[in-house]
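> Those protein sequence lines, which keep their order, are chains A and G.
Everything in the first sequence is counted per this note's numbering, starting at 1 for the first residue and increasing by one.
Everything in the second sequence is counted per this note's numbering, starting at 312 for the first residue and increasing by one.
Glycine included, each C-beta is placed from N, C-alpha and C at the ideal position.
Pasting a structure here, questions to come.
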Amino acid sequence: MIIADLSNRELTRILNGPGLRWGSGPFSIHLKNSIPNFTDYLSLIYGGHPVIEEPWEDIADFHIQLTTNSNYRRFWKPQVFFQLDGVNHLAPFPKDHAPPMFEWGWNFSIAGRANHFLILHNAVIAKGDRAMLLPGIPGSGKSTLCAAMVLRGWRLLSDEFALLHPESGLVFPTARPIALKNQSIEIIREFSKDAILGPDFAKTRKGTVAHMRPPDDSIKNMDQVAKPTWVVSPHYQEGQNQILEQIPKEHAFLLVAANAFNYETLGDAGFKAVARVVKESTIFNFRYSNLEEAVETLEIMTNNDKKGLAP
Amino acid sequence: MAKSKKAGDIFVEVWNKPAIFSTLNIDEQDLFLRIARKAGLLSRFCNILDTAQLSDSLTPKVKNHLQGARVVAQEDARMLRWEVNRIKRAFVGSDLPLILLKGAAYLISDIPMAQGRLVADVDILCKLSDIAQVEELLSNNGWQGVELEPYDQRYYRDWMHEIPPMRHSERLTEVDVHHAILPKTGRLNPDSKLLLQDIVPVKEETNIYTLSPVDMTLHGVVHLFYDSDFDKGLRGLTDMDGLFRHFGKQDEYWQALIPRARQLNLARPLYYALQMGVEIVATPVPKTVQEEIKTHAPIQPIDWLMTILMRRMMIPNHPEEKNFLSWLAWFLLFIRSHWLRMPPGLLFKHLTKKWVRKWRFDVRNRRTV
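Here you go:
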């Protein structure tokens, strides 16, 4: 059963009561929620994700609750609180921003807890089992490029985290929604009519945010791990001529390591995992302004690269 | 295990008998792991399972959570060893001994309980008259006093048993420099000279010392039952349990413990620690010691009340449960710890100051949300 199979009423009842469990690649979540408009968001954006039904065979990785004020603030500028295991780790958002609160909170939870992975702050997409990592500081166009590639048939692993398994060197998909910010929202709407976007949330810390539902194929394949094959560091700049240039490996190491949330935490294992990515992938700086051309360029580059393909 | 069993009971049962963890159903395992994580004990539990070779038969997700916890504890230990190494280097050229307290002492002197134990900063002890020199040595080597409001500066300098934390400007790690184990203003004031006379060198190290086994124990006990560390109560109790178990293998330790506690005027908190340890985590305490320490129990009604309050603080609740009685116990113990910390007039001023500040902070925050 997938989340979209549940009627809005059933979903609301479950979220208000025992909580809903669903899978997201290597993670499972157990969510309780009492915010009314959140249910619509969940069935639209997470509709394709598989519900974990009783009896479950393993623990839930994250026990999360979205709650609202119980005091006078119920009536005056109510807020939404994100609780992980009953603790508010984050400052609340206004109540009608439950979806961005949820996404940010879950990201926070993964980044703080999933230390069995080396967690890189990258978007990750794949063709078959060859993965492309897109590191990038906020504003570099990482999410936009990721969304565009996915809308042209690439598999979405994650818009936020490359979950690198230190022993195997493989990256695990979560197939969670892509968070688009500000102008990117309109750009992606125009880029493809297949894009399924949730509502706009204005005036968040990152400006206006909207979430793109992961393609069903990406969700179906979210248990299929992929091998880092390319690292492409995007730099969007208006009016910029397109340049895709390879970076020498010795420079690339810091590019990859500096984007890790827990590089130091993993110590030796973190160093080896980064070294392996750098050694085994081709690494690029990518300056562009036209999204259509950018997608085509990466398409051509990867099609010409036979590395990692079965003979 | 029956469904009706309380979260805290499940936790205590498994903590005391880790082999039954794998026999719990998956929801109970989940609950146990959540409580352990919240109490800061997941990585220690992981280590206990590893040592007893009990981690192989677990589900994939449980293994992942344990691995995540293991990695974090390893980082803490790595950080702590490096920080001790750096402080030791800063001390080179001076004739000061480097005396480690608490977590750093447990780890560097290889007490088994330190395996998988989480740590935040390094605590060291020196003579009151050496404070200025220690501060200077640390300042010359990259540490800086954390910037504080004048009130907080005064709080530390005039009333506390430590100076404001020194933070390293690059690594952002903190050193707490103590000159005593309880505040200057406190009801009890164990003489630091006695502690300093008995320090013991750490094996295979030069110029690194810890308190003697009994003093190390009493320091932990004081923190847990006389200071305000009781909100990490369960963790503190397992620390004490670890010390009792490790040092308790020697008979001399048990013979020295109570006399030393009397000498330092710390027999009452030791009574609480032994009582709670035996009750909650089955600390193996010789019968004679259990009998003898009872002479230091408070009068019956206080003893009874304290037992109830401390039990509430130590035995964990369900992670999502908001328990009024637990909050009340916390509140009463908080008041008690402050009562013991400073005389009533000063206490009143201090709490008023803190509450006004908290209220102002809340109001400021609300405006921006």
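1. Please tell me whether A:LEU266 has its Cβ less than 8 Å away from any Cβ of chain G.
2. Pick helix, strand or coil for G:PRO595, following the three-state DSSP scheme.
3. In the DSSP output, what is A:ASN122 paired with across the bridge?
4. Look at G:GLY559 and G:PRO595 and say whether their C-beta atoms are less than 8 Å apart.
5. Bridge partners of G:LEU411, per DSSP?
6. Cα separation between A:ARG113 and G:GLU460?
7. Tell me which residue opens and which closes the alpha helix (DSSP H) that G:GLU394 is part of.
8. So with Cβ pairs under 8 Å, would you call A:HIS165 a contact of chain G?
9. Between which two residues does the alpha helix (DSSP H) carrying G:MET477 extend?
10. Return the residues of the stretch 42 to 58 of chain A that lie within a Cβ-Cβ distance of less than 7 Å from chain G, sorted by chain order.
11. With 8 Å set as the bound, which would you pick, yes or no: does the beta-carbon of A:GLN65 sit closer than that to a beta-carbon of chain G?
12. Under three-state DSSP, which class holds G:PHE672?
13. Identify each residue in the stretch 340 to 362 of chain G for which the Cβ-Cβ distance to at least one residue of chain A is less than 8 Å, and report them in chain order.
14. Kindly list, in the order they appear in chain A, the residues whose Cβ is closer than 8 Å to that of G:GLU631.
15. Who are the neighbours of A:ASN115 on chain G, taking C-beta pairs under 9 Å?
16. Quick check on DSSP: helix, strand or coil for A:ASP58?
17. Quick check: what's the CA-CA separation for A:PHE81 versus A:ALA91?
18. Measure the beta-carbon distance from A:LEU298 to A:VAL232 and round it to whole angstroms, keeping in mind my assumption that it falls under 8 Å.
19. DSSP three-state call for G:VAL325: helix, strand or coil?
20. Name the chain G residues whose beta carbon is nearer than 7 Å to that of A:ALA260?
21. According to DSSP, which residues form a beta bridge with A:THR68?
22. Report the residue ranges of all beta strand (DSSP E) runs contained in full by the stretch 269 to 302 of chain A; include only those spanning at least 3 residues, in chain order.
23. Residues of chain A with a CB under 8 Å from the CB of G:PRO371: which are they?
24. If G:LEU636 sits next to G:ALA350, beta carbons under 8 Å apart, how far is it from one beta carbon to the other, in whole angstroms?
25. Roughly how many angstroms lie between the CA atoms of G:PRO512 and G:THR528, to the nearest whole one?
26. Just confirm the distance between the C-beta atoms of G:ALA494 and G:MET477, as a whole number of angstroms; I'd bet it's less than 8 Å.
27. Please compile the residues from chain A whose C-beta is within a distance smaller than 8 Å of the C-beta of G:ARG389.
28. Pick out whichever of G:ALA363, G:PRO630, G:PRO423 and G:LEU448 has its Cα sitting closest to the Cα of G:LYS399.
29. Does the Cβ of A:PHE161 have 16 or more other Cβ atoms within 10 Å, making it buried, or fewer, making it exposed?
30. Do A:ARG176 and A:PRO214 have their C-beta atoms closer together than 8 Å?
31. Can you confirm whether G:ASN375, when its beta carbon is compared against all beta carbons of chain D, has any partner nearer than 8 Å?
32. What is the DSSP secondary structure of G:VAL680, counted as helix, strand or coil?
33. Specify whether the stretch 251 to 258 of chain A and the stretch 301 to 309 of chain A touch according to this definition: at least 3 beta carbon pairs, one from each stretch, less than 8 Å apart.
34. Comparing the C-beta of G:ILE337 with each C-beta of chain A, is any distance below 8 Å?
35. Can you tell me which of the three DSSP states A:THR12 falls into?
36. By Cβ distance below 6 Å, which residues in the same chain neighbour A:LEU6 in space, the five residues on each side in sequence not counted?
With the structure as the only source:
1. What you label residue 266 of chain A is simply residue 266 of the first sequence in a count that begins at 1. At least one chain G Cβ lies under 8 Å of A:LEU266.
2. Counting from 1 along the second sequence, the entry for residue 595 of chain G is found at position 284. Residue state, collapsed to three classes: coil.
3. Taking the first residue of the first sequence as 1, we reach residue 122 of chain A at position 122. Bridge partners of A:ASN122: A:PRO135.
4. Mapped onto the second sequence, residue 559 of chain G falls at position 248. Mapped onto the second sequence, residue 595 of chain G falls at position 284. For G:GLY559 and G:PRO595, yes; Cβs fall inside 8 Å.
5. The sequence position of residue 411 of chain G within the second sequence is 100, counting from 1. Answer is G:ILE435 and G:THR521, bridged to G:LEU411.
6. Here residue 113 of chain A refers to the residue found at position 113 when the first sequence is read from its first residue. Here residue 460 of chain G refers to the residue found at position 149 when the second sequence is read from its first residue. So the alpha carbons of these two residues sit roughly 34 Å apart.
7. Along the second sequence, one-based indexing puts residue 394 of chain G at 83. First-last of the alpha helix (DSSP H) with G:GLU394: 371 to 402.
8. Working through the first sequence from its first residue, we reach residue 165 of chain A at position 165. Not one chain G Cβ lies under 8 Å of A:HIS165.
9. For the purposes of this step, residue 477 of chain G is taken as the residue at position 166 of the second sequence. According to the DSSP assignment, G:MET477 belongs to no alpha helix (DSSP H) but to the beta strand (DSSP E) extending over 477 to 479.
10. Within the stretch 42 to 58 of chain A, the qualifying residues are TRP56, GLU57 and ASP58.
11. On the first sequence, residue 65 of chain A is found 65 positions in, with the first residue counted as 1. It does; some Cβ of chain G falls within 8 Å.
12. Numbered from 1 along the second sequence, position 361 holds the residue referred to as residue 672 of chain G. Unreliable positioning characterises G:PHE672 in this predicted model, as indicated by a pLDDT of 48, which lies under 50. The coordinate reading is nonetheless provided below. Residue state, collapsed to three classes: helix.
13. For the stretch 340 to 362 of chain G, residues whose beta-carbon sits nearer than 8 Å to a beta-carbon of chain A comprise GLN340, ASP341, LEU344, ARG345, ARG348 and LYS349.
14. Your numbering for residue 631 of chain G matches position 320 in the second sequence. The answer, in chain order, is HIS63, GLN65, GLN83, ASP85 and GLY86.
15. Along the first sequence, read from residue 1 onward, the residue named residue 115 of chain A stands at position 115. For a Cβ distance threshold of 9 Å, residue set GLN378, GLY379, ALA380, ARG381, VAL382, VAL383 and GLU386 of chain G lies close to A:ASN115, ordered along the chain.
16. As a first step, residue 58 of chain A is located in the first sequence; it is residue number 58 there, counting from the start. A:ASP58: coil per DSSP, three-state reduction.
17. By one-based count along the first sequence, residue 81 of chain A stands at place 81. By one-based count along the first sequence, residue 91 of chain A stands at place 91. Looking at the two C-alpha atoms, the distance is approximately 7 Å.
18. For the purposes of this step, residue 298 of chain A is identified with residue 298 of the first sequence, where counting begins at 1. For the purposes of this step, residue 232 of chain A is identified with residue 232 of the first sequence, where counting begins at 1. The Cβ separation is near 7 Å, so the contact holds.
19. Your numbering for residue 325 of chain G matches position 14 in the second sequence. Reduced to three states, the DSSP call for G:VAL325 is helix.
20. By one-based count along the first sequence, residue 260 of chain A stands at place 260. The CB of A:ALA260 never comes closer than 7 Å to any CB in chain G; the least such distance is about 13 Å.
21. Within the first sequence, residue 68 of chain A is the residue found at index 68, counting from 1. According to DSSP, A:THR68 bridges with A:VAL80.
22. Fully enclosed beta strand (DSSP E) runs of 3 or longer: 282 to 288.
23. For the purposes of this step, residue 371 of chain G is taken as the residue at position 60 of the second sequence. Residues of chain A with a Cβ closer than 8 Å to the Cβ of G:PRO371 are, in chain order, ASP58.
24. Numbered from 1 along the second sequence, position 325 holds the residue referred to as residue 636 of chain G. Numbered from 1 along the second sequence, position 39 holds the residue referred to as residue 350 of chain G. For a cut-off of 8 Å, the C-beta gap from G:LEU636 to G:ALA350 is around 18 Å, too long to register as a contact.
25. Counting from 1 along the second sequence, the entry for residue 512 of chain G is found at position 201. Counting from 1 along the second sequence, the entry for residue 528 of chain G is found at position 217. In this structure, the alpha-carbon of G:PRO512 lies about 16 Å from that of G:THR528.
26. Position 183 of the second sequence holds residue 494 of chain G. Position 166 of the second sequence holds residue 477 of chain G. Going by the sequence as given, residue 494 of chain G is Pro instead of Ala. About 19 Å separates the two Cβ atoms, so there is no contact after all.
27. Reading the second sequence from its first residue, position 78 is the one you call residue 389 of chain G. Residues of chain A with a Cβ closer than 8 Å to the Cβ of G:ARG389 are, in chain order, GLY267.
28. Locating residue 399 of chain G in the second sequence gives position 88, counting from the first residue. Among G:ALA363, G:PRO630, G:PRO423 and G:LEU448, the Cα nearest to that of G:LYS399 belongs to G:LEU448.
29. One-based indexing of the first sequence puts residue 161 of chain A at position 161. By the 10 Å Cβ count, A:PHE161 comes out buried.
30. Along the first sequence, read from residue 1 onward, the residue named residue 176 of chain A stands at position 176. Along the first sequence, read from residue 1 onward, the residue named residue 214 of chain A stands at position 214. A contact, by the Cβ cut-off of 8 Å.
31. The chain inventory of the structure shown lacks chain D, comprising the protein chains A and G.
32. Along the second sequence, read from residue 1 onward, the residue named residue 680 of chain G stands at position 369. Since pLDDT at G:VAL680 reaches only 27, below the 50 mark, its modelled position is unreliable, and the value read off the structure follows with that caveat. DSSP places G:VAL680 in coil when its eight states are reduced to three.
33. Not touching, per the Cβ criterion.
34. Position 26 of the second sequence, counted from the start, is the residue given in the question as residue 337 of chain G. With respect to chain A, the C-beta atom of G:ILE337 has a partner C-beta closer than 8 Å.
35. To locate residue 12 of chain A, count along the first sequence from 1; it is residue 12. When secondary structure is reduced to three states using DSSP, A:THR12 falls in the helix class.
36. Stepping through the first sequence from its first residue, residue 6 of chain A is reached at position 6. So no residue of the chain qualifies.
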